[in-house]
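S.K.: The structure under discussion is supplied below as C-alpha cells; questions concerning it will follow.
Written out as C-alpha cells, the structure is:
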C-alpha cells in the first residue's frame, strides 16, 4: 500500500488543512483586534493596558506563571519576598490576601520575630483608632487620624494625575500626605469643592453653555476622564491646564490665587481636603520670592491649607536637594515652583538656612511662629556622634527657654527616590532600624524624647514592617513604595524620565500621552484600601502579641536573631 492509498483510508489526513489554518488565523486576528480595542478604548480598570493594549497582558501571563515556575527562576531579592508585593496588590484591589502552604522565604531565615502572648487577644480588644499628637505646645496642634502617612513625593516627580489619586486616597482613607519638596500644588487639593472655600482667594474659569453641553454629551458616550479632558481644553488654556481644580458639581475650574492678600485666606484649613504635610526643601519651592529667598507671607498662605511643616535636610536615597529632569519640568511645575520650564531642575545640596545648628533651629522656630503649627525636620543618620550634635543644640535651646522642633523624620539609608545617584543610594546613611535605636537612645540621654515625635521611613510595605519600626521607637510611619505599588506602580524603574523612557503606567511621568490615561478615581480607591488593610494588619499583630495599644510596644517584643541562631 503506497502513501496515497494509505491517506485515503483516513479522511482527516487527506483533508485540505490550509483552509482551516486560514480560518483559525482570521478568528485569532479578530480576537486580538477585539482585545486591543477593549484594552485601549473601553476598559478603565488598568492604565497599563490603555498605554500598551494587548502587549501589556503579557505581564499578567508571566505573573500567572511566576509561582509554578519559581523553582526555576530567581525570586524577589530586593524585598523580603515576592509575597509582600503580592499582598499589596491584592489588598489594594480589595482581594483576599491569605497565603497557602508557606511563604517563599524559609521561616528559619527570618532576622526578626515577634514575641506572641501566651494568651492572645481578640482584635476587637485592640484599640480601634490610631492617632498621634504633634505640636502639643503649638496654637494649632495636629492630631493625625492614623499612625501611617504617605511619605514625601513631589507633584512633578509624580504625575499630576498620580498626585490627585494620592490626595483622594489620603482624604478618603483618613491619613496624611506629604507634599515633597515640590511644595503645595492644586493637585493636592483635588478633593476641594467651591462650596468648601471662599471665592475671595480663588481664580476661577467657567465654560460657556456650549462647552458644558459638550461635556455632558461626551459623558454619556465616554468615561469621566475623557469628557473632563475635553471640557478642560475648551475652558483653560493648555499652559495652565494642570494647575486648576475641577468642581464637577458646578463645572468650574479654579485654583488658589497666591497674589491675594493674606487676610482674605481662610483662618483654618478648609473642609474637603486631606491632612497635608508641607515639605520645604533646599529650593524653597512654593514659598520663595522672585529672587529665590524665603517669602514669609507666601509661607503663611500655604500653611492655611496644611497641618504641619517638614524641613528636609536629607533623604535616604540622596543627601542633596531634589533633581527633576527637563522632561518633567512642565509649564505647570514651573508655575508652582517659580522656575523656568523645560530645563533640568537641580536643587542646592544644602538647605539655605542650615549653615549651623543655631541658625537652623532659629529658622524652625520662626516657622512655628509664622504658622502656629507643628514644625519638624527630616534627616538621615550616619553615626551616633553626628546625631548627638543635634541633641546638644536642642538641649541648649531647652536650657535657654527656646522652642524645640515638634518632630524629627528619620529616613533610612535604603530609602528610595525617583532620581538619585547610585553612589548615594548604596553607600550613605544607616538602615532605619539602626538609626532609630541611636535616635531614641540619644534623645532619652538628653531628656528630649518626651518633647519630640519620631517619624520613620524606609522600605515599609506590610503591617509587620510597621509594627517592627514602632517597636524600635518610632511614633509614626511614613510609606512611599507601598503606596506607589498600591497606586499601580509596576517597579519598571523609569521614574526619572531619563534617556527618553517613561513610567509605563503614567504614575511617575509628565508624558501627556501616558499620564492622561492614568485612572485617578480607581487608583485612589486602591490607595485607601491599602492603608485600611495596613491598620487592620497592625491590629491583628497587636492582638497576637497581647497588646491593646501601640504605646505598649517595646524592643523587648522583638526577637532579634543572629546568623548563628538562623543556622541552628
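In the numbering used here, the protein residues as written are 4 to 571. Using N, Cα and C, we set each Cβ at its ideal position, and we do this for glycine too. Being a predicted model, the structure only gives us computed values, none of them experimental.
Does residue 236 come out as helix, strand or coil in the three-state DSSP assignment?
M.R.: helix
S.K.: Alpha carbon to alpha carbon, how far is residue 136 from residue 455? Give it in angstroms, no decimals.
M.R.: Rounded to the nearest angstrom, the two C-alpha atoms are 10 Å apart.
S.K.: Buried or exposed: where does residue 101 fall if 16 or more other Cβ atoms within 10 Å of its Cβ makes it buried?
M.R.: Exposed.
S.K.: Hey, quick one: how far does the beta strand (DSSP E) through residue 381 stretch, first residue to last?
M.R.: 378 to 382
S.K.: Please classify residue 347: is it buried, with 16 or more other beta-carbons within 10 angstroms of its beta-carbon, or exposed?
M.R.: exposed
S.K.: Evaluate the contact criterion for the segment 521 to 530 versus the segment 39 to 57: three or more CB pairs, one atom per stretch, below 8 Å.
M.R.: yes
S.K.: Can you tell me which residues form a DSSP beta bridge with residue 314?
M.R.: As a beta-bridge residue in DSSP terms, residue 314 pairs with 283 and 380.
S.K.: Considering residue 145, what are the terminal residues of the beta strand (DSSP E) in which it resides?
M.R.: 145 to 147
S.K.: Given a threshold of 16 other Cβ atoms within 10 Å of its Cβ, counted over all protein chains shown, does residue 534 qualify as buried or as exposed?
M.R.: Flag for residue 534 reads buried.
S.K.: Only counting the same chain, and skipping five residues up and downstream in sequence, which positions put a Cβ closer than 8 Å to that of residue 265?
M.R.: 300, 303 and 304
S.K.: Where does residue 62 sit, in a helix, a strand or coil, going by DSSP?
M.R.: helix
S.K.: Starting from the C-beta of residue 130, find all residues in its chain whose C-beta is less than 7 Å away, skip the five residues before and the five after it, and write them out in chain order.
M.R.: Excluding positions up to five away in sequence, the list reads 551 and 552.
S.K.: In chain order, what are the residue ranges of uninterrupted alpha helix (DSSP H) at least 4 long that sit wholly in the segment 422 to 498?
M.R.: Here the runs fully enclosed are 425 to 430, 435 to 448, 466 to 474 and 484 to 489.
S.K.: Smallest Cα separation from residue 295: which of 24, 147, 378 and 340?
M.R.: 340
S.K.: Could you pull the DSSP bridge partners for residue 152 from this structure?
M.R.: Note: residue 152 sits in a beta bridge opposite 481.
S.K.: So the beta strand (DSSP E) residue 248 belongs to, where does it begin and stop?
M.R.: 248 to 250
S.K.: For residue 256, which of helix, strand or coil comes out of DSSP?
M.R.: Of the three classes helix, strand and coil, the one that applies to residue 256 here is strand, per DSSP.
S.K.: Under 8 Å between the Cβ atoms of residue 445 and residue 381?
M.R.: no
S.K.: Let me make sure I understand the geometry here. Which of 162, 214 and 287 has the alpha-carbon closest to that of residue 333?
M.R.: 162
S.K.: Taking only three categories from DSSP, how would you classify residue 44?
M.R.: helix
S.K.: Helix or strand or just coil, what does DSSP make of residue 227?
M.R.: helix
S.K.: Which whole-angstrom value describes the C-beta separation of residue 318 and residue 418, a residue pair presumed to lie in contact below a C-beta threshold of 8 Å?
M.R.: 6 Å
S.K.: Do residue 547 and residue 119 count as a contact pair if the criterion is CB distance below 8 Å?
M.R.: yes
S.K.: On the three-state DSSP scale, how would you describe residue 178?
M.R.: coil
S.K.: Going straight from the alpha carbon of residue 414 to that of residue 461, what length do you get?
M.R.: Taking the straight line from one Cα to the other gives about 6 Å.
S.K.: Do you know how far the Cα of residue 28 is from the Cα of residue 484?
M.R.: 43 Å
S.K.: Within 10 angstroms of its Cβ, does residue 458 collect 16 or more other Cβ (buried), or is it exposed?
M.R.: buried
S.K.: Among the residues of its own chain, which have a CB less than 6 Å from the CB of residue 278, if the five just before and after it don't count?
M.R.: 179 and 310
S.K.: Can you tell me whether DSSP reads residue 346 as helix, strand or coil?
M.R.: coil
S.K.: Check whether the segment 478 to 498 touches the segment 136 to 153, taking contact to mean three or more Cβ pairs, one atom from each stretch, closer than 8 Å.
M.R.: They touch, by the three-pair rule.
S.K.: Would residue 316 and residue 364 qualify as a contact pair, given that the criterion is a beta-carbon distance under 8 Å?
M.R.: no
S.K.: For residue 434, which residues in the same chain have their Cβ closer than 8 Å to its Cβ, ignoring the five residues on either side in sequence?
M.R.: 415, 416, 417 and 461
S.K.: Which first and last residues belong to the alpha helix (DSSP H) in which residue 335 is found?
M.R.: 334 to 340
S.K.: Should the segment 186 to 202 be called in touch with the segment 242 to 259, which here means at least 3 C-beta pairs below 8 Å?
M.R.: yes
S.K.: Can you name the residues that DSSP bridges to residue 51?
M.R.: Secondary-structure assignment with DSSP links residue 51 through no beta bridge to anything.
S.K.: Which residues does DSSP list as the beta-bridge partners of residue 135?
M.R.: 147
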